[in-house]
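A short worksheet on the structure shown next.
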Amino acid sequence: MRLRALLDTDALGLKLLGGEDELDRGVRGVMTTDLRDPSRYLSGGELVLTGLAWRRDAADSEPFVRLLVQAGVAALAAGEAELGDVPDDLVDACARHRLPLFAVHESVAFATITEHVVRQVSGERAGDLAAVVDRHRRMMTSGPAGGGPDVVLDLLGSDLDLRAWVLSPTGRLIAAPKETAGARGGVPALDAEACARLAAEHLAAVRTGRRGPHRVVLDRTTYSLFPVRGSGHDPSSEPGDPRETMLADWLLAVEADAGDWAEERLDLLQGVTQLIAVERDRRDAARTVRRRLAQEVLELVQTGAAPAEIAARLRVAAPVLLPGLGTAPHWQVVVARVEWEDGRGDGGPVTQALLEEILVDPASTGPEPSDRIAVAHSGDEAIALVPLPSVADEHDEAGPGVLADALLESVRRPLTAGLDGDGRLTVGVSAAVHSAEGLRGALEEARHARRVAAARPGRVCAAGHQELASHVLLLPFVPDDVRRAFTARLLDPLREYDRRHRAELIPTLEAFLDSDGSWTRCATRLHLHVNTLRYRVGRIEQLTGRDLSRLEDKLDFFLALRMS
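What follows is the structure, encoded as structure tokens:
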């Protein structure tokens, strides 16, 4: 509402003492105070009501008014009940700072003014919100140029003074309002800790079947959490089993207590979540090509297709997942499974979407940062094909890639809250492979690592190829493909180097182990100078990342050579 409308309401008993040129200012709220410095409780746009109890002498007016102006208030209204007429020093201070000043007649209670302003502002905001929803429905359904959820959040802030964020189920920030001058000094971003806590509270509430919005208080700030479901979902319908969607749904976190809202206002916010769901559906559609490529590769690997056929499909996938890449990447396989205590596994679209989200860098923001992740599903598992760019030096291995011990670090809290009581998420990560021949072994390795994770306590667990130690490979239940993958990971770099350079690293390794690591005996056996032998062993260690002075690494090489 405008300040001018206050003067037009006789029941409020207001008299304008200064600021005639500022009466078109908007009023976004009302606050009553007699503090000497109330700025910490102001967010901008308020009509401030005061009984002047803070004023001890004329010198107090200037600093009081200056603090109000710095906080961005719309106007000041001073009551006449305490001092009679409003003091001239306050009138002069308001005039100097161009702050509109009203006198409130002693017969009018501040509560009357407060009730009137709140009623008017609430009605106007409901109308504004309806306009926002209608405007953005047209914008976002007309094409990507609509601006996405960020624009919706910006207008919620500018038009309705509602601060809101869109989060993934793992607590990653999908969309946030732009930082703007004005209210509370801007719109600060939620930190990672707050995002994780909000996501955890949301999943815990949804898992119990409670309807949204869910009220959460973090550090004395109240948030209302609205689920963002697929655009085809009817928010007024009764939800089915919440486990079917909760691990894939986004959420809208609004810094407000929706329990105080009228039904019309809640309905309009549900409309906002449907607009955001349109963007989520677009994101899912954009992933269709990558998912299909992953599914095709997975089917070829599982049906035992020829390596040449798998390699051809990988050559198609590589430019899609890593645009502009000149050479074929290394690949990792990640397998995930969600299981519920009723025995049902969920390897369909929900786990597929969850694994895509888990593999995204937790520091990234936005709805679509995962353009290098292709996830398929088979039975009750979701399976990701993750490309790792090859480095420039042909003798080096690919970078560290996906590390099992770090993969779930940032998502453990919210997912544990969502699964607590009746569900588990287990994840297995393979080593990197650099050819189509290695993919089948990598898939079995990731599956076996996932079974290792499943044997551990906890709702959210992961294991990597590093945990499939050589002594584990001696156990009879370990699949042959896992053994072959272990052998290939150690020996393939040496074989490839020998093929290119005729360096005889494999025979050198065998002789070195047979000589119990004796440099002199091994050099004599191979008819080499000791310095040449040291060069070859150094190259073996460089290519494999192992240390032949360590007993564990010698044992791994010994087993790999015997199993090859």
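Numbering (my numbering), first residue to last: 22 to 585. The beta carbon of each residue, even a glycine, is placed where N, CA and C say it ideally should be. Since the structure is predicted, the reported quantities are computational estimates derived from the model, not experimental observations.
| Asked | Found |
| --- | --- |
| What do you get for Leu-424, buried or exposed, if any count of 16 or more other CB atoms within 10 angstroms of its CB means buried? | exposed |
| Given a threshold of 16 other Cβ atoms within 10 Å of its Cβ, counted over all protein chains shown, does Asp-182 qualify as buried or as exposed? | buried |
| Determine, using beta carbons only, whether Leu-511 and Ala-532 come nearer to each other than 7 Å. | no |
| Just the C-alpha distance for Arg-477 and Ala-483, rounded to the nearest angstrom, thanks. | 9 Å |
| What residue from Leu-27, His-522, Thr-53 has the CA that sits closest to Glu-41's CA? | Leu-27 |
| For Val-142, which residues in the same chain have their Cβ closer than 7 Å to its Cβ, ignoring the five residues on either side in sequence? | Met-22, Val-48, Arg-49, Gly-50 |
| Measuring CB atoms only, is the stretch 277-289 touching the stretch 219-231, in the sense that at least three cross pairs come out at less than 8 Å? | no |
| Return the residue from the list Val-129, Phe-85, Leu-515 that minimises the CA-CA distance to Ile-561. | Leu-515 |
| Kindly identify the DSSP beta-bridge partner or partners of Thr-133. | Looking at the DSSP assignment, Thr-133 forms no beta bridge with any residue, so it has no partner. |
| Taking just the CA atoms, how far does Ala-395 sit from Ala-506? | 22 Å |
| Hey, out of Thr-54, Ser-60, Ala-132, whose CA is closest to Gly-34's CA? | Ala-132 |
| Using CA coordinates, which residue listed in Arg-583, Glu-320, Asn-552, Trp-271 is at the minimum distance from Pro-170? | Trp-271 |
| In angstroms with no decimal places, state the Cα-to-Cα distance between Gln-323 and Arg-461. | 7 Å |
| Could you check if Tyr-62 is buried or exposed, using at least 16 other CB atoms within 10 Å of its CB as the buried criterion? | exposed |
| Taking the alpha helix (DSSP H) that Tyr-556 falls in, what are its first and last residues? | 551-565 |
| Output yes or no for whether 7 Å exceeds the beta carbon distance between Ala-467 and Thr-447. | no |
| Is the beta carbon of Asp-55 closer than 7 Å to that of Gly-72? | yes |
| Does the distance from the C-beta atom of Pro-190 to that of Leu-268 stay below 7 Å? | yes |
| Could you give the distance in angstroms between the alpha-carbon of Leu-554 and the alpha-carbon of His-351? | 30 Å |
| Report the residue from Ser-179, His-235, Pro-408 whose alpha carbon sits nearest the alpha carbon of Ala-247. | At residue 247 the sequence reads Phe, which differs from the Ala that was named. Here the closest residue by C-alpha is His-235. |
| Any idea if His-522 is buried or exposed, counting beta-carbon neighbours within 10 angstroms, 16 or more meaning buried? | exposed |
| Based on the DSSP output, what are the partners of Thr-508 in its beta bridges? | DSSP output for Thr-508 lists no bridge partner at all. |
| Classify Gly-462 as helix, strand or coil using the three-state DSSP reduction. | helix |
| Rounded to whole angstroms, what's the CA-CA distance from Leu-576 to Thr-372? Just pull it up for me. | 38 Å |
| If contacts are defined as beta-carbon pairs under 8 Å, then Ala-99 and Leu-68 qualify, I think. What distance do you get, rounded to the angstrom? | In fact, because the Cβ distance is near 12 Å, the residues do not count as touching under 8 Å. |
| Rounded to the nearest angstrom, what separates Cys-115 and Val-86 at their Cα positions? | 6 Å |
| Which same chain residues, not among the five before or five after His-118, have their C-beta less than 6 Å away from its C-beta? | Val-86, Val-90 |
| Please check if any C-beta of chain C sits within less than 7 Å of the C-beta of Pro-248. | Among the protein chains of the structure shown there is no chain C, as only one such chain exists. |
| Count the other CB atoms within 10 Å of the CB of Gly-559; is the residue buried (16 or more) or exposed (fewer)? | exposed |
| Helix, strand or coil for Pro-170? Go by DSSP, reduced to three states. | helix |
| On the DSSP bridge list, what partners appear for Met-52? | Val-69 |
| Sort Ala-357, Ala-32, Arg-313 by Cα distance to Asp-375 and report the nearest one. | Residue identity check: residue 375 is Leu in the sequence provided, not Asp. If we check each option's Cα against that of Leu-375, Ala-357 comes out closest. |
| According to DSSP, Leu-287 sits in a beta bridge with which residue or residues? | According to DSSP, which records beta bridges pairwise, Leu-287 is partnered with nothing at all. |
| Going by alpha carbons, who is nearest to Trp-186 out of Leu-70, Ile-297, Trp-361? | Ile-297 |
| In the DSSP assignment, what residue or residues form a beta bridge with Ser-64? | Ser-64 is not bridged to any residue. |
| Within a Cβ cutoff of 6 Å, which residues of the same chain sit near Thr-294, ignoring the five residues on either side of it in sequence? | Phe-247, Val-249, Leu-273 |
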